[in-house]
Amino acid sequence: MEISTRWIFSLAAELWRDWLPPEATKTILRGGYYTALVRPGFRVIALNSNVCYSYNFWLLYEGSDPYGQLQWLIDTLLDAETNNEKVHILSHVPSGDSSCVKNWGREYVNIVNRY
Numbered sequence: 106m107e108i109s110t111r112w113i114f115s116l117a118a119e120l121w122r123d124w125l126p127p128e129a130t131k132t133i134l135r136g137g138y139y140t141a142l143v144r145p146g147f148r149v150i151a152l153n154s155n156v157c158y159s160y161n162f163w164l165l166y167e168g169s170d171p172y173g174q175l176q177w178l179i180d181t182l183l184d185a186e187t188n189n190e191k192v193h194i195l196s197h198v199p200s201g202d203s204s205c206v207k208n209w210g211r212e213y214v215n216i217v218n219r220y
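Just so you know, we're using my numbering here: the sequence shown kicks off at 106 and counts up by one.
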């Protein structure tokens, strides 16, 4: 039996499918994160910051960036920059707080500072 958190991503994709663009389903299913163009020039990025939460025991099982979310964030922010979009990033675990794994938080801050 596979131990996984994928069931919650499937549930979220199903529940949110009417509110989000169809392309968001792919990244929700991969790791619980997505982006949506709210209107021309304004994009929302929603991160699954549970992957940095220091009390998340799944990190012991799945690693430091288990869903490739940080590389996806770089790619998404680069696309937004290229398209001259403003971006609002949603996240519930603060990256600079002691509750966030230091390596993940540092990488996140480096990415955001670049863009």
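For every residue, glycine included, the Cβ atom is placed at its ideal position computed from N, Cα and C.
Lys191 and Asn161 have their C-alpha atoms some 31 Å from each other. Leu125 is bridged by DSSP to nothing; it lacks a bridge partner.
The distance from the Cβ of Thr140 to that of Ile150 is about 5 Å, consistent with a contact at the 8 Å cut-off.
Distance from the CA atom of Tyr220 to the CA atom of Glu186, rounded to whole angstroms, is 8 Å. At a Cβ-Cβ threshold of 8 Å, Gln176 and Gly136 do not count as neighbours. Ile179: member of the alpha helix (DSSP H) spanning Gln174 to Thr187, first to last residue. Rounded to whole angstroms, the gap between the alpha carbons of Asp184 and Asn218 is 16 Å.
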